[in-house]
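Engineer: Protein chains in written order, with the numbering used here: chain H, 452 to 563; chain V, -5 to 110.
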Amino acid sequence: GNSVTQMEGPVTLSEEAFLTINCTYTATGYPSLFWYVQYPGEGLQLLLKATKADDKGSNKGFEATYRKETTSFHLEKGSVQVSDSAVYFCALSPNSGYALNFGKGTSLLVTP
Amino acid sequence: NAGVTQTPKFRILKIGQSMTLQCTQDMNHNYMYWYRQDPGMGLKLIYYSVGAGITDKGEVPNGYNVSRSTTEDFPLRLELAAPSQTSVYFCASSPTGGAGAKNIQYFGAGTRLSVL
């Protein structure tokens, strides 16, 4: 079946540090890949997406590249801010059905 | 803009009690979903709906019921609450539904439910 594995948290970084959150997936065919972010007290919101191999999704300084050869979709940001503190979810949408398959989420805390 | 609104935000139930988790969206989305998130786990789909009057089971439907009488509302019903239903529940909606790149979902803030 389809599944998403992302690195365990919590991740604690100092402001302006480089961020990587690893995400790998298992799926048949060519799923679409997403990163969602959940700020404290809010619902999940789409951060970025990629729909085919070698696509790069980007938003708010975050980037992730769809790597089919390594079945990965790692999230990166060059310089994190305190306001980036949140929980980040990697997800995939298979080519059939309606569900999104989510990873467990990675909590990020950025300190001043 | 309201988006997807869930009520209540928190609830404590006793074993065997029943309750309805409310979800409403004002984006005129046809597709709506209910997920649960257990501690340290990803979200799992409980039920979904592709339009008013149409619902279907997701991955973990046991112990829950849903209805979709209007485009805006998609309530989730727990009939006999059990400790295993202690979780955070998220409602989501999608304008187009479908698989792959079309499956962008918009989430509510969640309902945290404890069954004791």
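Even glycine gets a Cβ: it sits at the ideal position worked out from N, Cα and C.
Taking just the CA atoms, how far does residue 492 of chain H sit from residue 535 of chain H?
Structural biologist: 14 Å
Engineer: Which residue or residues does DSSP assign as beta-bridge partners of residue 514 of chain H?
Structural biologist: H:509 and H:527
Engineer: Nearest chain H C-beta to residue 4 of chain V closer than 8 Å, yes or no?
Structural biologist: So no, residue 4 of chain V is outside the interface.
Engineer: So with Cβ pairs under 8 Å, would you call residue 520 of chain H a contact of chain V?
Structural biologist: no
Engineer: Would you mind giving the Cβ-Cβ distance between residue 70 of chain V and residue 15 of chain V, rounded to the nearest angstrom? I have them listed as a contact below 8 Å.
Structural biologist: 4 Å
Engineer: Counting only beta-carbon separations shorter than 8 Å, does residue 532 of chain H have a partner in chain V?
Structural biologist: Cβ-Cβ to chain V under 8 Å: no for residue 532 of chain H.
Engineer: In the DSSP assignment, the beta strand (DSSP E) including residue 79 of chain V goes from what residue to what residue?
Structural biologist: Where residue 79 of chain V is concerned, there is no enclosing beta strand (DSSP E), because DSSP gives it neither an H nor an E.
Engineer: Any beta-carbon of chain V closer than 8 Å to the one on residue 483 of chain H?
Structural biologist: yes
Engineer: Would you list the one or two residues that DSSP bridges to residue 101 of chain V?
Structural biologist: V:86
Engineer: Is the Cβ-Cβ distance between residue 509 of chain H and residue 474 of chain H less than 8 Å?
Structural biologist: no
Engineer: Starting from residue 59 of chain V, trace the beta strand (DSSP E) in both directions and tell me its first and last residue.
Structural biologist: 58 to 60
Engineer: Name the chain V residues that come within less than 8 Å of residue 455 of chain H, Cβ to Cβ?
Structural biologist: Per Cβ cutoff of 8 Å: 36.
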